[in-house]
Structure formats: C-alpha cells, structure tokens
Amino acid sequence: MGLDLSTLRTLISRYCVGEENWVDSRTIYIGHKEPPPGAEAFIQQRFPDNRIVSSKYTFWNFIPKNMFEQFRRVANFYFLIIFLVQLIIDTPTSPITSGLPLFFVITVTAIKQGYEDWLRHKADNSVNQCSVHVLQNGKVIRKQSRKLRVGDVVFVKEDESFPCDLILLSTSRDDGTCFVTTASLDGESSHKTYYAVQDTKAYNAEKEVDSIHATIECEQPQPDLYKFVGRINIYMHNEPVARPLGSENLLLRGATLKNTEYIYAVVIYTGMETKMALNYQSKSQKRSAVEKSLNAYLVVYLCILIIKAIINTVLKYAWQADPIRDEPWYDQRTEVERQRNIVIRAFTDFLAFMVLFNYIIPVSMYVTVEMQKFLGSYFIMWDDEMFDQELGERAVVNTSDLNEELGQVEYVFTDKTGTLTENNMEFIECCVDGHVYVAQAICNGQVMPGADSMDMIDTSPGPEAREREELFFRALCLCHTVQVKEEETVDGIKQGIHHGKSTSFYISSSPDEVALVEGMKRLGFTYLRLKDSHMEILNREEEIERFELLEVLTFDSVRRRMSVIVKASTGELYLFCKGADSSIFPRVVSGKVDQVKARVEHNAVEGLRTLCVAYRPLSPAQYQEVCQLLSRAKLALQDRDKRLAEAYDIIEKDLILLGATAVEDRLQEKAADTIESLHKAGMKVWVLTGDKMETAAATCYASKLFHRNTQILELTTKRTEEQSLHDVLFDLSRTVLRQHGGMSRDISGLSGDCMDYGLIIDGATLSTVMKPGQEDSNSGNYKEIFLEICRNCSAVLCCRMAPLQKAQIVKLIKTSKEHPITLAVGDGANDVSMILEAHVGIGIMGKEGRQAVRNSDYAIPKFKHLKKILLVHGHYYYIRISELVQYFFYKNVCFIFPQFLYQFFCGFSQQPLYDTAYLTLYNISFTSLPILVYSLVEQHINMHILKKDPSLYRDIAKNSLLRWPIFIYWTVLGVYDAIVMFFGAYFLFDNTTFTSNGQMFGNWTFGTLVFTVLVFTVTFKLALDTHYWTWINHFVIWGSLIFFVVFSLLWGGILWPFLNYQRMYYVFMQMLSSGPAWLSIVLLITASLLPDVLKKVIWRSLWPTTTERIQNADKLYKGQLSEFTPLSSIHAAPNADRRGQSSGSHRNMPHPTRSEPFTKKAMLTRWHRPPDYCTFTPLLGYTDVNRSSKLGHTFNGAGPETSV
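Residue numbers for the sequence shown, in this note's numbering: 988 to 2191.
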C-alpha cells in the first residue's frame, strides 16, 4: 500500500463530507496529466459533464411532477377533493360537473407547460450537441459540447462562443490578450480584454500547448459573473511556480471571441456549474395586491359555502323529524340506511350540500386570470410608443403576474446615472492646481459642431506649473482601462463616430473613462495603445512616450478609486490614482487642495460628475514592497478580495494632488416631464444614487424632483457632526409636523396649502439610522422618526448609497405600517438588489449591461417610457382585472343562490335546479369569453387623456376598486339578482302556466327558465359596464348568447335528435313555446338590471368621480377630448391663484452659474425637440411652470432656500 500518511490525510480531507478544503476549492489537472512525483497527491475529482439542462421535466416524470405542482394550488386541490367526494358518496350532481372543468383547467395548463418545456429541451439539445475543438495528444479533434470534461484543453476560433467556463492559456496575439464580448451574459457590447497566464502565453502551437504541465486550484462554482479566485501551479523542472488567477483570466460560457484569431484555454467549470447556468435560478415569486384580495374573497366565499351547507343540513333534519316526511310511501329507505349512524348520515349530507353549492367558487376564474395576464402582457411589448429607435428595442415583460400592480404604485425608487441621465458622458473641463482647461463639447468621442478650437480659461501657467499640468494630462492618459480599436475591425459597434475616417477610437466599460481620454486628446495628449505591456501616448510635440504598465489596482465601488503603477522610459516609477473626491482628499498630503476642492464643489453644484487625480512617485524599494504586498494578496485563495483591499489601502496613500475633472451626464429626454407626471399621479419619487450630494441635488432640480419652492431638509454626515443624530431627526420631525399640524400627509400629498419638503440623506447617516440598537437610550426608534419625516416630504434624495443600502431603503418603506406598493427602476448591476426587493422591478436598457434588465419584472428602453407603462398600461390592467374578479364572484352568486333557495321548495333533498350540462358549461363556455375579452381590451378612458392627466391615476390608488364595500356591493347585487330570477319565475308560473299543449311546467323547465334569465342577465350586465366597444366585444357577447341558445336546442334533441338527453328532451323548446315564458324572461332581466343602472345614473349625476366627469366630457367631444387643452372646468381647481404665483416665481429664477456658451450648448442638446403635449396639464387646473424658463432647470443648483 504505497500511500503515505500525508496522502491519506489529503484523500480524507477531499472526500469526507463537510471538510473545508472540499467545500471551498477544487484542483484541476490541465490535460488530465498527473503532477510530478513528490509534488502532491494525484486525486482525480469527479465533476459533472458539460450538459446544460434548463428543462423541468423528462418524458417519464412529466405527468406525476406536473400533477403534483398543479395540485399544490389551493383551488385545484379544493376541486379535486370535491370531485373525489362526488365519486365516493351519493351526491345530487354528477361527478362530471366538477371533474370536467377541473380536467379542462389541468389539461390546458399541462399542455402549456409541456410545450414550453419541449422548447427548452429543443434548445438544450442544440447547445449540447454542437461541436467543439479539443486538444488531445497534441492534435485538435472535434467532439460534442456535452462530452467536455473539466481539465480538457479547448481550441476556440474568432467569432465562436465559449462552450463552458475556461481559463485562458494562450492566444494568437503576442501580448497574450484576447478580446471578448459578453452581450449574451450582461448585454455589454463593448469588447473586454482578457489575459493569458503569464508563463503559458508564449505556447501557441498545438504541441507546445499539449506540453504544458500544470494544476489549477480555484474556488468552487459561484454565480457572481465578475468574481473569480484561483491560482495555477506550473511545473518547470518539477518545481511548481505559482501564479494568481482572477476574473481577467476567466472566459465565461456564452461569451464570444472577437478580434483574436484563436485561443487555447482549459476547461474549469462545466454544464450546470458554469457561472451562466448558476444565474438561471429563478427569482423569488412576487404577488400582487389584487391576488391577495382575490385570496381573501375566496376565503369569504368558502365560509359562505360552508354556512350554506350547514344551514341546509340542519334544516333537512328538522324537516325530516316528521316520519311521514322522512319516509314517504314513494321513497322507502332500505334496512341498511335505517341502521346507519345519524352523525355519519349528517356528515354525508353536509358533503352532498357542499358539492351542490361548490360552484360559488369558480375554478375557471384562475384560468381566466392567468390568460388575461399572459395575453395582456403582449400589449406592453407591442406598444410602438415604447419602442426606441436608437436602441432598436421594445419593452420586455419578464413576468406577467404583476401587470395590475403597475396601476397601484405609491413609491418610485430610481437610480440616477443611466436611469434619469443618459450615461452619455461629455468632458466639460479639468482643473490643474486651480487653472481651468475646457475642451469644448466632446461627447463619447464625438466632437460637437462648432468646437474647432481649444478654450483655455484663466492665464497660462508658468514653466513649473506647465510641468505639473503635463503630469496631470499623462496621469489621465495612463490611469484607465480603455481599449483602442480600429473602426473597420470592430463588430457590433456603431460606425461613424469619426465620420467617414478609418481611424482608431476608444472603447471602455465605463463611459466616464472614454470621455476623459477623449478630453485629453483635445488638450494635446493622445493615448495610442497598450502593446507588450507598454502604454503609448502622443504628447503635444507629436512625440511618442512609452510607459511600462506594471500594476493595475482596479476600481471598485467601495474604494471608489483606481490606480496604475507605471515606469517611464527614464526609469522613474509613478503611482497614478483617480477617484471620487471623498476617497482622494483624505489620502492627499500635498498639492493645492483648497483651490481644487473649491472647483470640485462648484462643478458638483452645477450637476457635473467630478473626479480627482493624484500621484505618488515610487522608489525601487517601495515598488518591491508594493509587489510583495500585491503578490501575497493575489495568490490567496481565501478572502482574496479582503486582502487585496487591505493591500490597496496601504499602497494608495501619501498622494500628491494634481487636479480634478468635470464630466457631464445629460438628463434623459423627457425625464423631467416623467417625474412631474409621477408626482401629479400621487407617487412619491426617491432618487437613490452613489453620486455625491451636490451633483445629485443639481440633477434633482434639473429633473423637477425638487422645485424652486421646495424646502430642502438635510440629514447628512456634515450635519450630524455638528449635532447629534437624535437632535437632527427631532428638529426635522418638528419642522415637517409643524407645517402639517401633527398629521402625516397623504400619499398623494402635493396639496397647494402645504410647503413642499425635500429630504437629502447620505449613505453613512442612513447606516446609523438603520442600526437596530442605538447608543442613546432616550433616542427612541430612529427608523420610525425617519419614516415619519419621509412620509411628509414630496421627494427624497439618497446619495452616496451602496447597492445593499438601496435595497434596505426599499424594504424599509415596503414594510412600513401603510404597506405601500413600491417600484424600483435602474439600469446597472448595482440596482439589481433594489429591483428584486421592490414589489415591481423595472430595468432600463442602458449602457451598464443587462443585469438589471435580466433581474427585473419589466424592462423599458428609456426612463420616459415609465410614464406610459404606469399611467396607461398600469391603469388599464388594474381596471380590467378588478372588474374581472368582482364580475366572476357576482355571476357565481347569481348562479348558485337560486340553487340554495330551491332547497326550501324540494324538502332539502339536494335536488339540483339546473341540468348537469348547464352546471358544467356555465363558467367554461356560456359566460367566460365575454369577461376575458373585456379584461383584455377595455379602455374606460382614452389613453391620451390618461397620459395628459396623471391625476386620474389617484382614482385607482390603494386598491380602491377591490375594497370590501365594493366587494359587498357586487355580492349583494348578485344575491338580489338571484332572488329576482328565482322568485320571479316561481310566482309568475305558480300553478298557472301551461304550455301550448296544455301541459304544466316541470322542475327542469323551471330550472331552465331561471338559467336562461341568469345567462342573459350576467352577459347584459357586462355589456352595460363596457365603455370601449370593438368588433371582438360584439362577437363574443352576442356570440355567447347565441351559443347558449343553439346548445340548448342541441341538448334538447331539437337540432340534433341523437342528443335527446332524457330529462332535458324538448324542455328548452317547450319553454320557448310558451308566450308567458318570453314575457317573464324580458321582465326578469329588466328587473335584475334596473337597480344597478339606477344607482349608476344617480351616482354619476350627484357624486361623479373625476373619471366619470372625464368620460362624460369625452362623450360630449365625441372621443376627441384629448385634442382640446382648456379642460380645467372638468376638475375642481383649488388654489389656482397660489399656483399662478408659484409659476410666476419661476420666471425670476437665477440663471445658470456656468458661462453662457455652455448654457446655449445645453439648450441645443436637450431642448431641441418641441414639447410633448403630455407636459401641459390643464386637466389638473393649474399651469405648468413657465416653458420659457425651462432652460433654468438644466444646470441650476440649489436655490437660496437650500442648504446644499
């Protein structure tokens, strides 16, 4: 037994369950080669194959697994129990009446899910069976993708996708780099650079690569696309050389090789362990407010059903207490029945009554709701107004379960960069030691018209300052991760950035970096390329300078800075660092800090994004120390990120400040109009951003989140340093509550009588507020005070926020005592947490990848489309589904209550009033299609009016159409209609009615008469509620009634004699042959519908809602109301004078603080389109802010009222 103790120990630690080494890391042998003798034990681990499985079912488990999933739904399980009861005991109705609808629902759902899974199987097979090139024994062979194993070396050509997760060994390029697009993973079309392992990058031939002898130790599969920790041990002369591996070496499955002829890479994660597959996991299920109301109503109706069954069971035994009634001569009981225990008999009768009345709970409602949501979601995707020409993208619906929730939103949480703004950076200026340089109008590589010369503000610096200035420009040319591309060789990038010229241009995952490098190009320093680890720049004298790139300290959102260490051709070593002012200034030991800080604050107030630049000269000894620090951190398998962060912290210190840059991120088109509309619709808008306070505040003014008359309240670190958090919170609380008399404002609270408050809070203060335990025992609950302040503010800005804090804010509001409906909208990976946390998550198809879009419930191309998806689609969906739910319960009360009343006239014998066919088809065929079509196409108000008058959104807020009073009204209406139908038919035909041949009506004719009145009444009720008539409505409403009549004639054997069902034979024809029956049908339908019609007429005349006023006015203008702007008479217009004054105050606003040419440029780039009519809101009864002063919102900072 040649195993020594250390080998045995390694085996045990690898294979025993729960061992740390086994859980945290894996060892991969490149080319399946054993390590040299004495290096380490060769333990071949087992890994899954490269098969991708996205399907849920197999051929064998489909039926049991699908049935199990379907019967986990309470409604399906309930109807299954009812069906089984009908099979087991003697019930008044056939098991078919419950079994057929249930079978229909289960079958339709199973077919839909089975078809979807078949498509997934098909897609899986096409991926798993595609061929890949694998290196074996020094030759490249082809094999199916699913047969790849961990440790295989694969050969990938240009434009091919990677079949699994790979570590890059070598490429066709001399510098060992390759370019990759990850559009299929995160939507980023930019080319990213990946690096081969330093010691293997020279191996380009098949034999050379096959000779590589190495092992890889790395972490177990993780879903994070941007994180990877590992190391490679390369055996040279049997001695291992360790090199770190990170995300820059990892090629992900689904990404595509670009602008690189070929690569060799080793398989590291396969199949369902690849990062892409680990991201398949579905998100947690979100439930809408309507669904919760629906479940509550079902519980109520279940209680009604049980009460009905109990009443009938008790009355049955009270009726049968008389022996004559218990055993009449025509129905003698058998001896077995006489011997049965009375409790068992009573329970059996109770179950029989439950079966008889179970139709009050409609199984088909679930199918109708599902179809309504699924089909209704296509209206969002088909909406041409939500199609973006620039991106070529439409709105996307990732989940249709929340359509109606779009009409219930109370809080909107939005990111700033890329959501409110374009994430399209424009270099504005840079400041070096107090001297300001402006390269006019450079926007992502595109030189704006009229920017032919360089404009230098202030005096030119002296020789010493010139040296510092050039060092600043060099720092910006070197401290970045920008790639240089030849335009004609780049795929997927829009042409024409340099119109018609075959020239190079810059690509980066960060738009800021491109803007800065382009800005430096305009100021005389051009970044040329990165070649053989050397960065080349062209200086003002047209000389090429080469700097060796030694280390890159990558940017992260915690440090908020990045650095590079470079070696000049003269041998000098520099560390260049750029980052947010809050992360640079504390690390600076010299430089003109005050002048630069003043300029940074000035630019931030104008809404510009600022970065500070600093440097530190390094001696060779210091550099060696830095190398050792980084090497130790990079080789660590455990806590590598933490160790790197500590190393970066030590390295990036004692900096010398050079200057700062200012980049503008322009507001998206109609962002201000959208936010204004959301405010008028009663929603509170919060901006959650990682940006600094002054920049974010300026954007909030420009986007009309804050107005000039908004009083800004600050809850920031600066203020809590001067006062305790406790005092600041109570001061703010007193301020807002004094205005509102101690009353918290309503959610819609933009009342003209109240001062508008805006709150600004930063991340550090929020952390303190959110802490569960407070040091000050007298402080009380800070969260509650904070929430009270927020409820009384019309808008809130949260700046310097970490991604997790965004989710905490959303959760805090979501779980507050009012339980408001929240919506989060963002465009980047840092917004995913809040998108998943909110009731409704919306992703913007921006420039920060597609993580937000992938994780959202809905995705829209631009922020402006939020207006239509909420104010129009959300409004319609809520109106439609609330009517659908109420109508379903109403028609089932009408259906089953006559059955309950009938028991009083048949000795509680469980005799059904309706025939089996009518019981089965009532919800499936006779009444289902009209309400489905209504719930898909109804438009109670023209969509142009909904966009134009956002305040109509308030009419449906707080789930107003599914409140208990309305539910009770529909239920009472159903009971009334049922009583009219039953007793109307009973009294009209009591012992008097004869058919044309002299026969009296029997019980089936009586039941058929009631059912006929019922079907016509509930269908006409829906017709009366329909405002928007299309040919589809006419077809299904009148078609359903015709189908009922034709079916009854068929079922009765008139049209189809073979269907001469015995008890219904000629019953329908017999009923129609009676003149009084025709009269009673007309009278009973009229009597049933009359109270509801009268109620509506009276209510509309005396107490009309805003919606009803608009409907009346639209009829007056024959559907052209939206074309007429002077509609203020439709609304009450309180405080018009005050609003006029408020509007007037805008005319006297201060002009932008930046120089006039930039204001003009902003005007051209932002407001060149004519204003959309939607921004005029005469329906609200007050004028919009002065259109001529709209420019004032572009760069204005805080007004005199603010303290920012």
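All C-beta atoms, glycine included, are put in the ideal place defined by N, C-alpha and C.
The model shown is predicted, which means the values in this text are computed figures rather than measured ones.
Please classify proline 2121: is it buried, with 16 or more other beta-carbons within 10 angstroms of its beta-carbon, or exposed?
-> Reading the sequence shown from its first residue, position 1134 is the one you call residue 2121. Bear in mind that the predicted position of proline 2121 carries a pLDDT of just 40, short of 50, making it unreliable; the figure below should be weighed with that in mind. Classification of proline 2121: exposed, given that the 10 Å Cβ count is below 16.
Host beta strand (DSSP E) of aspartate 1152 (start-end) | To locate residue 1152, count along the sequence shown from 1; it is residue 165. Note, aspartate 1152: beta strand (DSSP E), 1152-1158.
Stretch-stretch touch, CB-based, cutoff 8 Å, three pairs: the stretch 1770-1783 with the stretch 1683-1697 = yes
So, are the CB atoms of valine 1872 and leucine 1281 less than 7 Å apart?
-> One-based indexing of the sequence shown puts residue 1872 at position 885. One-based indexing of the sequence shown puts residue 1281 at position 294. In this structure, valine 1872 lies near leucine 1281, with their beta-carbon atoms less than 7 Å apart.
Just how far apart, CA to CA, sit leucine 1463 and leucine 1823?
-> The sequence position of residue 1463 within the sequence shown is 476, counting from 1. The sequence position of residue 1823 within the sequence shown is 836, counting from 1. Cα to Cα, the separation comes out at about 37 Å.
Reference methionine 1507, options Phe1534, Phe1414, Phe1492, Ser1556, closest by Cα | Working through the sequence shown from its first residue, we reach residue 1507 at position 520. The shortest Cα separation from methionine 1507 among Phe1534, Phe1414, Phe1492, Ser1556 belongs to Phe1414.
Specify the secondary structure class of aspartate 1626 as computed by DSSP and reduced to three states.
-> Position 639 of the sequence shown, counted from the start, is the residue given in the question as residue 1626. Coil, per DSSP.
Can you tell me whether DSSP reads tyrosine 1610 as helix, strand or coil?
-> The residue labelled residue 1610 in the question sits at position 623 within the sequence shown. Helix, per DSSP.
Roughly how many angstroms lie between the CA atoms of aspartate 1902 and glutamine 2057, to the nearest whole one?
-> Translated into the one-based positions of the sequence shown, residue 1902 becomes position 915. Translated into the one-based positions of the sequence shown, residue 2057 becomes position 1070. Between the alpha carbons of aspartate 1902 and glutamine 2057 lies a gap of roughly 15 Å.
Length at least 4, wholly inside the stretch 2065-2105: the alpha helix (DSSP H) runs in chain order | 2093-2103
Sorry if obvious, but does the Cβ on glutamate 1413 come closer than 6 Å to a heavy atom of the ligand ZN?
-> Absence of the ligand ZN from the depicted structure is noted, as is the absence of any ligand whatsoever, leaving it without description.
Cβ atoms of leucine 1853 and threonine 2093: under 7 Å apart, would you say?
-> Working through the sequence shown from its first residue, we reach residue 2093 at position 1106. Working through the sequence shown from its first residue, we reach residue 1853 at position 866. No, Cβ-Cβ distance for threonine 2093 and leucine 1853 is not below 7 Å.
Does proline 1024 have its Cβ less than 7 Å from a Cβ in chain D?
-> Checking the listed chains, one finds no chain D in this structure; it contains a single protein chain.
How big is the Cα-Cα spacing for methionine 1373 and lysine 1758?
-> As a first step, residue 1373 must be located in the sequence shown, where it is residue number 386. As a first step, residue 1758 must be located in the sequence shown, where it is residue number 771. If you take the alpha carbons of methionine 1373 and lysine 1758, they lie about 42 Å apart.
Every unbroken beta strand (DSSP E) within the stretch 1096-1129, with a cutoff of 3 residues, ordered by chain | 1118-1123
Taking all protein chains shown into account, do 16 or more other C-beta atoms lie within 10 angstroms of the C-beta of threonine 1202, making it buried, or fewer, making it exposed?
-> Walking along the sequence shown from the start, residue 1202 turns up at place 215. Classification of threonine 1202: buried, given that the 10 Å Cβ count is 16 or more.
Can you check the stretch 1166-1249 for any alpha helix (DSSP H) of at least 4 residues that lies completely inside it and give the ranges in chain order?
-> 1170-1173, 1193-1197
Closest to aspartate 1111 by CA distance: which of Glu1709, Gln1131, Glu1500 is it?
-> Translated into the one-based positions of the sequence shown, residue 1111 becomes position 124. Out of Glu1709, Gln1131, Glu1500, Gln1131 has the C-alpha closest to the C-alpha of aspartate 1111.
In the DSSP assignment, find the unbroken beta strand (DSSP E) run with methionine 1412 in it and report its ends.
-> Taking the sequence shown and counting its residues from 1, one reaches residue 1412 at position 425. 1408-1419 is the span of the beta strand (DSSP E), which, as asked, contains methionine 1412.
Take glycine 1745 as the anchor and find which of Phe1058, Leu2036, Leu1067, Lys1671 has the nearest alpha-carbon.
-> Numbered from its first residue, the sequence shown carries residue 1745 at position 758. Answer by Cα proximity: Lys1671.
With a cut-off of 8 Å on the beta carbons, I'd call isoleucine 1883 and glycine 1405 a contact; round off their distance for me.
-> Locating residue 1883 in the sequence shown gives position 896, where the first residue counts as 1. Locating residue 1405 in the sequence shown gives position 418, where the first residue counts as 1. With a Cβ gap of about 54 Å, isoleucine 1883 and glycine 1405 do not count as contacting.
On the three-state DSSP scale, how would you describe serine 1820?
-> The sequence position of residue 1820 within the sequence shown is 833, counting from 1. Three-state result, serine 1820: helix.
Between phenylalanine 1970 and lysine 1770, what straight-line distance do the alpha-carbon atoms span, to the nearest angstrom?
-> As a position in the sequence shown, residue 1970 is number 983, starting the count at 1. As a position in the sequence shown, residue 1770 is number 783, starting the count at 1. Cα-Cα distance, rounded: 59 Å.
Since methionine 1522 contacts valine 1553 with CB under 8 Å, what's their CB separation in whole angstroms?
-> For the purposes of this step, residue 1522 is taken as residue 535 along the sequence shown, with counting starting at 1. For the purposes of this step, residue 1553 is taken as residue 566 along the sequence shown, with counting starting at 1. In this structure methionine 1522 touches valine 1553 by the C-beta definition: roughly 7 Å separates them, less than 8 Å.
What do you get for leucine 1155, buried or exposed, if any count of 16 or more other CB atoms within 10 angstroms of its CB means buried?
-> What you label residue 1155 is simply residue 168 of the sequence shown in a count that begins at 1. Looking at its Cβ environment, which holds 16 or more other Cβ atoms inside 10 Å, leucine 1155 is buried.
From this set, Thr1014, Thr1648, Ala1382, Asp1161, which residue's C-alpha is nearest glutamate 1206's C-alpha?
-> The residue you call residue 1206 lines up with position 219 of the sequence shown. That would be Thr1014, whose Cα lies nearest to the Cα of glutamate 1206.
Can glycine 1163 and alanine 1192 be called in contact, C-beta distance under 7 Å?
-> Here residue 1163 corresponds to residue number 176 of the sequence shown, with the count starting at 1. Here residue 1192 corresponds to residue number 205 of the sequence shown, with the count starting at 1. No; because the gap between Cβ atoms is not below 7 Å, this pair is not in contact.
Report back the beta-carbon spacing between proline 1082 and leucine 1343 to the nearest angstrom; my notes put them in contact at under 8 Å.
-> One-based indexing of the sequence shown puts residue 1082 at position 95. One-based indexing of the sequence shown puts residue 1343 at position 356. That pair is no contact at about 13 Å.
Give the straight-line distance between the Cα atoms of valine 2023 and threonine 2013, rounded to the nearest whole angstrom.
-> Reading the sequence shown from its first residue, position 1036 is the one you call residue 2023. Reading the sequence shown from its first residue, position 1026 is the one you call residue 2013. Near 13 Å, if we compare the C-alpha coordinates of threonine 2013 and valine 2023.
Look up tyrosine 2052 in the DSSP assignment and say whether it is helix, strand or coil.
-> What you label residue 2052 is simply residue 1065 of the sequence shown in a count that begins at 1. If DSSP states are grouped into helix, strand and coil, tyrosine 2052 belongs with coil.
Selection from Gly1511, Asp1641, Asp1499, Leu1106 that minimises the alpha carbon distance to arginine 1563 = Locating residue 1563 in the sequence shown gives position 576, counting from the first residue. In the sequence as displayed, the identity of residue 1563 is phenylalanine instead of arginine. Of the candidates Gly1511, Asp1641, Asp1499, Leu1106, the one whose C-alpha sits nearest the C-alpha of phenylalanine 1563 is Asp1641.
Count the other CB atoms, across all protein chains shown, that sit within 10 Å of the CB of asparagine 1590; report buried if there are 16 or more and exposed otherwise.
-> Within the sequence shown, residue 1590 is the residue found at index 603, counting from 1. Asparagine 1590 is buried by the Cβ-count criterion.
What do you get for arginine 1619, buried or exposed, if any count of 16 or more other CB atoms within 10 angstroms of its CB means buried?
-> The residue given as residue 1619 occupies position 632 in the sequence shown. Classification of arginine 1619: exposed, given that the 10 Å Cβ count is below 16.
Local conformation of glutamine 1470 per DSSP, three classes | In the sequence shown, the residue the question calls residue 1470 occupies position 483. In this structure, glutamine 1470 counts as strand in the three-state DSSP scheme.
Would leucine 1540 pass as a contact of leucine 1605 if the rule is Cβ separation under 7 Å?
-> As a first step, residue 1540 is located in the sequence shown; it is residue number 553 there, counting from the start. As a first step, residue 1605 is located in the sequence shown; it is residue number 618 there, counting from the start. Cβ distance not < 7 Å, so leucine 1540 and leucine 1605 don't count as in contact.
Residue from Pro1210, Ser1497, Gln1123, Tyr1044 whose Cα sits closest to the Cα of glutamate 1195 = As a first step, residue 1195 is located in the sequence shown; it is residue number 208 there, counting from the start. It is Gln1123.
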